[in-house]
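Enquirer: Residue numbers (the working numbering): 39 to 183. A virtual CB, placed ideally from N, CA and C, is assigned to each residue, including glycine. Below is a structure I'd like to ask you about.
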Amino acid sequence: MYQRIVLVGNLGRDPEMRYTPNGTPVTSFSVATSRRYTASDGQMKDETLWFRISVWGKQAETCNQYLSKGRQVLVEGALVGDENGGPRVWVGQDGKARASFEVRAQTVRFLGRREGAEVGSAAPSSGDVPAVPGGEPQSEEELPF
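See the structure below:
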């Protein structure tokens with residue numbers, strides 16, 4: 039069996055890195071994904087889902103170094119369920135039930151601009167603007183997603 043999830047969203051908090059007892063780096067952060075739709079009553083609705091992301095190894099160190107709250111990322115990985123195979127469920131401070139999904143990331147791509155990057159700077163940072171195979175980098179407005 040095989041499963042894979044692809045998310046594009048924004049970091050909800052700065053990454054936190056720790057090390058396992060054998061010295062493997064692990065970085066955790068949260069990603070919010072949003073969608074807007076028209077409900078059956080004609081009202082516009084916003085829906086936000088939160089995912090807890092864990093990244094391992096060298097990529098964990100890179101994420102911890104370059105990512106920060108608000109940065110847009112693309113995450114590819116696998117869903118990790120609780121002991122029953124579902125999302126983690128808890129009761130929030132407001133008394134409402136909440137749930138979040140955990141993703142073990144296999145790939146994290148940095149999207150958007152880094153904080154402090156100037157518009158029109160000579161060299162975009164790695165991951166800011168993907169390259170088109172066999173061509174020059176394209177602008178964010180031309181991306182297919």
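With a 10 Å radius around its C-beta and 16 neighbouring C-beta atoms as the bar for buried, classify Gly115 as buried or exposed.
Expert: Residue 115 sits at position 77 when you count from the first residue of the sequence shown. By the 10 Å Cβ count, Gly115 comes out buried.
Enquirer: Assign Asn102 to one of three DSSP states: helix, strand, or coil.
Expert: Sequence index remark: in the sequence shown, residue 102 carries index 64 (1-based). Helix, per DSSP.
Enquirer: Which runs of the alpha helix (DSSP H) at least 4 residues long sit entirely within the segment 79 to 126? Give them in chain order.
Expert: Segments of the alpha helix (DSSP H) lying fully in the segment 79 to 126: 96 to 104.
Enquirer: Could you compute how far the alpha carbon of Asp84 sits from the alpha carbon of Ala77?
Expert: On the sequence shown, position 46 is the one that residue 84 refers to. On the sequence shown, position 39 is the one that residue 77 refers to. So the alpha carbons of these two residues sit roughly 10 Å apart.
Enquirer: In the DSSP assignment, what are the bridge partners of Pro63?
Expert: In the sequence shown, residue 63 corresponds to position 25, counting from 1. Paired residues: Tyr57.
Enquirer: Taking the beta carbon of Asn122 as the centre, do at least 16 other beta carbons fall within 10 Å, making it buried, or is it exposed?
Expert: Position 84 of the sequence shown, counting from 1, holds the residue named residue 122. Asn122 should be labelled exposed.
Enquirer: Measure the Cβ-Cβ separation of Trp88 and Ser106 and say whether it is below 7 Å.
Expert: Numbered from its first residue, the sequence shown carries residue 88 at position 50. Numbered from its first residue, the sequence shown carries residue 106 at position 68. Against a cut-off of 7 Å, the Cβ pair of Ser106 and Trp88 comes out as no contact.
Enquirer: Return the chain-ordered list of same chain residues with a C-beta closer than 8 Å to the C-beta of Gly95, the five sequence neighbours on each side being excluded.
Expert: The sequence position of residue 95 within the sequence shown is 57, counting from 1. Hits under 8 Å: Thr62, Pro63.
Enquirer: Output the boundary residues of the beta strand (DSSP E) element that contains Arg147.
Expert: Taking the sequence shown and counting its residues from 1, one reaches residue 147 at position 109. 135 to 148 is the span of the beta strand (DSSP E), which, as asked, contains Arg147.
Enquirer: Distance, Cα to Cα, Gly124 vs Gly150?
Expert: Counting from 1 along the sequence shown, the entry for residue 124 is found at position 86. Counting from 1 along the sequence shown, the entry for residue 150 is found at position 112. Rounded to the nearest angstrom, the two C-alpha atoms are 31 Å apart.
Enquirer: Please state whether DSSP places Tyr40 in a helix, a strand or coil.
Expert: Taking the first residue of the sequence shown as 1, we reach residue 40 at position 2. Reduced to three states, the DSSP call for Tyr40 is coil.
Enquirer: Could you check what DSSP says for Gly47 in three-state terms: helix, strand or coil?
Expert: Walking along the sequence shown from the start, residue 47 turns up at place 9. Gly47: strand per DSSP, three-state reduction.
Enquirer: What did DSSP end up calling Ala70 once you bin it into helix, strand or coil?
Expert: Translated into the one-based positions of the sequence shown, residue 70 becomes position 32. Note: Ala70 maps to strand in three-state DSSP.
Enquirer: Assign Val111 to buried or exposed, taking buried as 16 or more other Cβ atoms, counted over all protein chains shown, within 10 Å of its Cβ.
Expert: Here residue 111 refers to the residue found at position 73 of the sequence shown. Val111 is buried by the Cβ-count criterion.
Enquirer: Return the Cβ separation of Arg147 and Val118 in integer angstroms, given the expectation that the two are a contact with Cβ distance under 8 Å.
Expert: In the sequence shown, residue 147 corresponds to position 109, counting from 1. In the sequence shown, residue 118 corresponds to position 80, counting from 1. No, Arg147 and Val118 are not in contact; Cβ-Cβ is about 20 Å, not under 8 Å.
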